[in-house]
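In my numbering, the protein residues as written are 40 to 270.
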């Protein structure tokens with residue numbers, strides 16, 4: 040049976056000696072079929088991610104409508120400068136990711152590794168900035184739910200204050216987890232790219248990780264104004 044599979048194997052040649060050929064999975068007839076199936080499956084996965092964050096956005100709008108003063112006071116405790124910095128970092132990283140995908144499509148190995156490395160650096164920068172944001176909230180007792188103490192009285196006596204920070208930490212924490220996952224995926228494709236796995240004839244993993252990273256950036260584009268600016 041293995042010989043039968045081998046006889047029908049589709050091998051995508053490497054465009055140069057520094058790259059590796061790619062063997063299309065045995066259950067696909069062509070490389071195009073493999074590519075389209077993977078893209079469709081990944082778009083379905085991204086749709087579930089949108090539904091996940093959509094629930095958080097729905098909670099935000101519902102409680103914002105009922106406790107506008109709390110959201111105004113809570114938003115004032117968030118550092119919009121750090122939020123804007125992280126927004127800038129993610130926008131730049133989205134561009135470097137796009138350039139990394141383009142470099143993979145054109146078999147420019149060194150450029151691909153450079154752009155992917157810059158994207159990974161952007162992810163690390165985002166997480167470091169978010170750590171200092173969280174630390175400031177911890178120092179002031181502005182934590183979610185039962186951990187809320189408001190040691191300096193920054194929120195006053197407005198209702199729903201602990202729940203506001205529950206929404207803030209849930210939304211930004213879940214997004215931060217996605218950034219961390221994205222960082223791990225980027226490092227994975229950097230490793231594969233360094234070995235020459237990705238080139239003009241096979242760049243599917245780079246393309247899919249790029250789609251994931253763009254979604255992570257897009258979600259933050261909504262979170263930043265809603266949490267830091269709109270209240």
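All C-beta atoms in this analysis are idealised placements derived from N, C-alpha and C, irrespective of residue type, glycine included.
Residue 256 is a Cβ neighbour of residue 133, given a cutoff of 9 Å. In this structure, the beta-carbon distance from residue 201 to residue 184 falls below 9 Å. Residue 55 counts as exposed, since fewer than 16 other C-beta atoms from the protein chains shown sit within 10 angstroms of its C-beta. The residue among 238, 266, 232, 263 with its C-alpha nearest the C-alpha of residue 155 is 232. For residue 136, the uninterrupted alpha helix (DSSP H) run begins and ends at 119-144, by DSSP.
Ranked by Cα distance from residue 160, the first of 144, 101, 130, 171 is 130. Counting only the Cα atoms, residue 140 lies some 22 Å from residue 88.
Taking the Cα positions, residue 166 is about 8 Å away from residue 218. The C-beta separation of residue 214 from residue 259 comes to about 6 Å, placing the pair in contact by the 8 Å criterion.
Rounded to the nearest whole angstrom, the C-alpha separation of residue 244 and residue 69 is 17 Å.
Taking all protein chains shown into account, residue 221 has 16 or more neighbouring C-beta atoms within 10 Å of its C-beta and is therefore buried. If only complete runs of 3 or more residues are kept, the stretch 179-232 shows no beta strand (DSSP E) anywhere.
The alpha-carbon separation between residue 122 and residue 101 amounts to approximately 23 Å. Below 8 Å, enough C-beta pairs join the stretch 56-76 and the stretch 232-242 to call them touching: three or more.
Under the Cβ criterion (8 Å, minimum of three pairs), the stretch 168-178 does not count as touching the stretch 73-81. By the Cβ neighbour-count rule, residue 162 is buried, with 16 or more other Cβ atoms within 10 Å of its own. The residues 60, 61, 62, 63, 70, 240, 241, in chain order, have a CB closer than 8 Å to that of residue 51 in the same chain once the five nearest residues on each side in sequence are set aside.
Per DSSP, residue 152 has no beta bridge partner at all. Annotated three-state conformation of residue 238 is strand, per DSSP.
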